[in-house]
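K.L.:
Going down the list, the sequences are from chains A and B.
Last residue of the first sequence? That's 354 in the UniProt record's numbering, and every number before it is there in order.
Last residue of the second sequence? That's 354 in the UniProt record's numbering, and every number before it is there in order.
Cβ coordinates follow ideal geometry from the N, Cα and C atoms, glycine included.
The structure presented is a predicted model; accordingly, all values stated were derived computationally and were not measured.
Can you read through this structure? Questions will come right after.
Protein chains: 2
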Amino acid sequence: MGDQPTLAVVGATGAVGTVMCELLSSRRNVWGEIRVVASKRSVGRTLFVRGAELPVLELAPDVFDGVDVAMFDVPDEVSAEWAPIAVQHGAIAVDNSGAFRMDRDVPLVVPEINPEQVRNRPRGIIANANCTTLAMIVAIAPLHHEYGLKELVIASYQSVSGAGKAGVDALLDQLQRVAGDRTLGSRSGNVRQAIGDDLGPFPAPLALNVVPWAGSLRDAGWSSEELKVRNETRKILGLPDLKISATCVRVPVVTGHSVAVHAVFGTEVDCEDAREVLRHAPGVILVDEPQSGEFPMPIDAVGTDPAWVGRLRRSIDDPRALDFFVVGDNLRKGSALNTAQIAELVAAELTTRA
Amino acid sequence: MGDQPTLAVVGATGAVGTVMCELLSSRRNVWGEIRVVASKRSVGRTLFVRGAELPVLELAPDVFDGVDVAMFDVPDEVSAEWAPIAVQHGAIAVDNSGAFRMDRDVPLVVPEINPEQVRNRPRGIIANANCTTLAMIVAIAPLHHEYGLKELVIASYQSVSGAGKAGVDALLDQLQRVAGDRTLGSRSGNVRQAIGDDLGPFPAPLALNVVPWAGSLRDAGWSSEELKVRNETRKILGLPDLKISATCVRVPVVTGHSVAVHAVFGTEVDCEDAREVLRHAPGVILVDEPQSGEFPMPIDAVGTDPAWVGRLRRSIDDPRALDFFVVGDNLRKGSALNTAQIAELVAAELTTRA
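Here's what the structure looks like:
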């Protein structure tokens, strides 16, 4: 290979892939050749990356010839099939799907938290976490290191772009249908009537509503999204016995996942100390001046890299517990950015080794 | 007094007052004369109650002459001044503000839970709870009676009508300003720019956003709304040592407060047993078939009386904990309906006594 490693971006035309191309154009350039790859129906399109117009290549085995790092943002079943093919062709795969996250031989990496895990990849695959987990984990990890995390109770406020471009289109279409009718939302069913059956990827209308469901049904009433948050948080923090209850809820926000966190620690916490920990935590910005209207919100956090943390309070009835609110851009840190950061760790390793 | 007691509705022209007039027209009629009362600026208007057109009376001491029950839905400071005046004039006051809720000599009544408290009113005043507390409490109380409640962690998804008509107008105006622009919500600050400075009663835009703030700042970073939920829940359930952490968040929904609840009990819970408890609980409707898209949502619960409960799961890591999602109409059970129910208990008492 040349001085700088070759990168393939698989799923480059999707909602996350689009942000990935922007990040590759704006972050420090560590890549040699970049190839953008998508399904057959996107072939013929071009994408701008680092100021150059790149043709979209069709996903096929030989697209990985000479590739050092392949980033995947595609559905689980596509990753399950194609990440191993990329590895067979000599690439290291960084996968943003759920296909490999809980595989014991695949590390689940958040560069601010467990960067050393990136080298522990017997299958040649490194996994990126779920967007809801990533929205909160960079704020939780430094508090865990300070106080020893025992339990998490979280409730999410997840944006529609977590369900891709189809999710964004569904919400924006619905908003156009309800805007201007000042009776909607004040009588049972009238929002459903106005919106009709075209719900996009969601089980219910999102405009003027919140939908306590994300993902698919798993055992005992839990959603797949809620189990991901539990299992991935445990794996990233290296806490296999951490108690976690999550309720995942979709809200009418375009981009930016918010999470209300109740974190119980092994020792008493001091709120001002905790603020100091967060002020110095990588990937975190503390926004906590409620008296002047400053708290983390999706309309501010969207398009930015860090986790925005605020509303920090020590629980009144438990001196070992902290309550706070955290917002992260689900397309950036929640997926494309964390994937890019992992890939950059691999690039640094390959460049050093070369 | 005649056969049926005389009722005054103070604050009859507001968002809650409007629902109150609807309820008085649709519920079993237990009232003799009804007077609708508001501030001076509403005098000259008329309101329809029980099919009759009633002139709005100006709030003044003599408006309470001959009144048996006076329901107040006005700001705290107006209630603080005027509820005692109504009592001096011989009325029993049922107050929906925060002015008296934590007064030891004022019962805080939810008729499904503690109806006997309605007679324990040394000041002649009975308080109605906060809308967020009321959204969840009728679901929590029967589970407490079955399993013994020890701790609550809750996160709310509160609608804009909790801030009155001004809140509803603000959201609907904002939606008209953002609808049709498909770039909004995808870049930091562009929703703020589109909406401008006219935020209504909120500290930030609500369209395409969630705002982790309701009420005013209290000690140690807690909002008044979060403290109300804690203190009122303890008082209604008669559990002065109950551990509660609440995070209150405003969402772009017109009417219907949702709450994600994590409830820890003294004994192990069985999810199917808990469902059975909720099926038989007064004021509760169980909506818990996620496989067919049935879970509680504001667009369905709005305009209805019960608390809609669903997404019931036993915590994976704590057999004594239940997670669930509950939605109630904040203008009905959350304020006007519960006030009407309390007033009806008083009416029954007066009618029996007469």
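1. Exposed or buried, which one is B/Ala-207 when buried takes at least 16 other CB atoms within 10 Å?
2. Can you pull the chain B residues whose beta carbon is under 7 Å from the beta carbon of A/Lys-243, in chain order?
3. What residue from A/Val-118, A/Val-309 and A/Gly-164 has the CA that sits closest to A/Asp-105's CA?
4. Taking the alpha carbon of A/Pro-201 as the point to measure from, which residue in A/Trp-31, A/Gly-162 and A/Arg-50 has its own alpha carbon closest?
5. Determine the burial state of A/Lys-228: buried for a count of at least 16 other Cβ atoms within 10 Å of its Cβ, exposed for fewer.
6. Since A/Glu-151 sits in a beta bridge, which residues does DSSP pair it with?
7. For a contact defined as C-beta to C-beta under 7 Å, what are the partners of A/Ile-325 on chain B?
8. Taking the continuous beta strand (DSSP E) assigned at B/Thr-46, which residues delimit it?
9. From the DSSP secondary-structure annotation, give me the bridge partner or partners of A/Trp-308.
10. For B/Met-1 and B/Ile-154, what's the separation of their Cα atoms in angstroms?
11. Among the residues of its own chain, which have a CB less than 6 Å from the CB of A/Glu-344, if the five just before and after it don't count?
12. For A/Glu-112, which three-state DSSP category applies?
13. What separation, rounded to the nearest whole angstrom, lies between the Cα atoms of A/Lys-114 and A/His-262?
14. Using C-beta distances below 7 Å, list every residue in its chain close to B/Leu-337, excluding the 5 sequence neighbours before and after it, in chain order.
15. List, in chain order, every chain B residue whose beta-carbon is nearer than 8 Å to that of A/Cys-271.
16. Compare the C-beta of A/Ala-321 against all C-beta atoms of chain B and say whether one is closer than 8 Å.
17. To the nearest whole angstrom, what separates the beta carbons of A/Leu-143 and A/Val-277, a pair I think is in contact under 8 Å?
18. Tell me the residue span of the beta strand (DSSP E) that contains A/Arg-35.
19. Decide if B/Asn-130 is buried, meaning its Cβ has at least 16 other Cβ atoms within 10 Å, or exposed.
20. When the Cα atoms are used, what is the spatial distance from A/Ile-195 to B/Ile-236?
21. At a Cβ threshold of 8 Å, is B/Met-1 touching chain A?
22. Output yes or no for whether 8 Å exceeds the beta carbon distance between B/Ala-83 and B/Phe-64.
23. Hey, is A/Val-78's beta-carbon within less than 8 Å of any beta-carbon in chain B?
24. Pick out the complete alpha helix (DSSP H) segments inside the stretch 170-195 of chain B, 4 residues or longer, and give them in chain order.
25. Take the Cβ of B/Pro-290 as the centre, count every other Cβ of all protein chains shown within 10 Å, and call the residue buried at 16 or more, exposed below.
26. Taking A/Leu-134 as the reference, which of A/Leu-331, A/Leu-350 and A/Val-210 has the closest Cα?
27. Could you tell me the boundaries of the beta strand (DSSP E) in which A/Pro-55 lies?
28. Give the interface partners of A/Pro-290 over in chain B, defined as CB-CB distance under 9 Å, in chain order.
29. Using a 10 Å radius around the Cβ and a threshold of 16 neighbouring Cβ atoms, would you call B/Thr-267 buried or exposed?
30. Quick check on A/Glu-116: buried or exposed, where buried means 16 or more other Cβ atoms within 10 Å of its Cβ?
31. In the stretch 280-307 of chain A, which residues sit with their C-beta less than 8 Å from some C-beta in chain B, listed in chain order?
32. Once you ignore the five residues that flank A/Leu-217 on each side, which residues in its own chain have a CB closer than 7 Å to its CB?
33. Could you tell me whether the Cβ of A/Ala-12 comes closer than 8 Å to any Cβ of chain B?
34. In angstroms with no decimal places, state the Cα-to-Cα distance between B/Ala-70 and A/Pro-205.
35. In its own chain, which residues sit with a C-beta less than 6 Å from the C-beta of A/Leu-7, not counting the 5 before and 5 after it?
36. For A/Leu-7, which residues does DSSP report across the bridge?
P.N.:
Put simply:
1. Burial call: buried.
2. For the C-beta of A/Lys-243, the chain B residues within less than 7 Å are, from N- to C-terminus, Asp-317 and Asp-318.
3. Ranking the options by Cα distance to A/Asp-105, first place goes to A/Val-118.
4. Measuring from the Cα of A/Pro-201, the nearest candidate turns out to be A/Gly-162.
5. Buried is the call here.
6. Bridge partners of A/Glu-151 according to DSSP: A/Lys-243 and A/Val-264.
7. The amino acid occupying residue 325 of chain A in the given sequence is Phe; Ile does not appear at that position. Taking the beta carbon of A/Phe-325 as reference, the chain B residues within 7 Å of it are Pro-212 and Thr-247, listed in sequence order.
8. Where B/Thr-46 is concerned, the enclosing beta strand (DSSP E) stretches over 46-49.
9. For A/Trp-308, which the question treats as bridged, DSSP gives the partners A/Ile-285 and A/Val-327.
10. Model confidence at B/Met-1 stands at a pLDDT of 45, short of 50, so the residue's coordinates are unreliable; what they give is reported in the following sentence. If you take the alpha carbons of B/Met-1 and B/Ile-154, they lie about 45 Å apart.
11. Excluding five sequence positions before and after A/Glu-344, the CB atoms of its chain that fall closer than 6 Å to its own CB belong to Val-30, given in chain order.
12. In the structure shown, A/Glu-112 adopts coil according to DSSP, grouped into three states.
13. The sequence given here places Asn at residue 114 of chain A; Lys does not occur at that position. Distance from the CA of A/Asn-114 to the CA of A/His-262, rounded to the nearest whole angstrom, comes to 23 Å.
14. Cβ neighbours of B/Leu-337 beyond the five flanking positions: Leu-23 and Asp-305.
15. Contact note: A/Cys-271 reaches chain B through Ala-220 and Gly-221, using a C-beta cutoff of 8 Å and chain order.
16. True, the Cβ-Cβ gap to chain B drops below 8 Å.
17. Between A/Val-277 and A/Leu-143 the Cβ distance is about 6 Å, and since that is below 8 Å, they are a contact.
18. Residues 34-38.
19. By the neighbour-count rule (16 or more Cβ atoms within 10 Å), B/Asn-130 is buried.
20. Taking the straight line from one Cα to the other gives about 39 Å.
21. Caution applies to B/Met-1, whose pLDDT of 45 falls short of 50 and renders its modelled position unreliable; the value that the coordinates give is listed next. Chain A contact via Cβ: absent.
22. Between B/Ala-83 and B/Phe-64, the CB-CB gap reaches or exceeds 8 Å.
23. Closer than 8 Å: no.
24. Scanning the stretch 170-195 of chain B for uninterrupted alpha helix (DSSP H) segments of 4 residues or longer gives 190-195, listed from N- to C-terminal end.
25. Buried, because 16 or more other Cβ atoms sit within 10 Å of the Cβ of B/Pro-290.
26. Nearest option by C-alpha distance: A/Leu-331.
27. 52-58 is the span of the beta strand (DSSP E), which, as asked, contains A/Pro-55.
28. In chain order: Pro-203, Pro-212, Trp-213, Leu-217, Gly-221 and Ser-223.
29. When all chains shown are included, B/Thr-267 counts as exposed.
30. A/Glu-116 is exposed by the Cβ-count criterion.
31. The residues in question are Asp-288, Pro-290, Gln-291, Gly-293, Phe-295, Pro-296, Met-297, Pro-298, Ile-299, Asp-300, Ala-301, Val-302, Gly-303 and Thr-304.
32. Within the same chain, A/Leu-217 has close Cβ partners Ser-223.
33. Taking Cβ atoms only, chain B never reaches closer than 8 Å to A/Ala-12, which makes this a no.
34. The alpha-carbon separation between B/Ala-70 and A/Pro-205 amounts to approximately 40 Å.
35. In the same chain as A/Leu-7, and ignoring 5 residues on each side of it, the C-beta atoms closer than 6 Å to its own belong to Trp-31, Ile-34 and Val-69, in chain order.
36. Looking at the DSSP assignment, A/Leu-7 forms a beta bridge with A/Ile-34 and A/Val-69.
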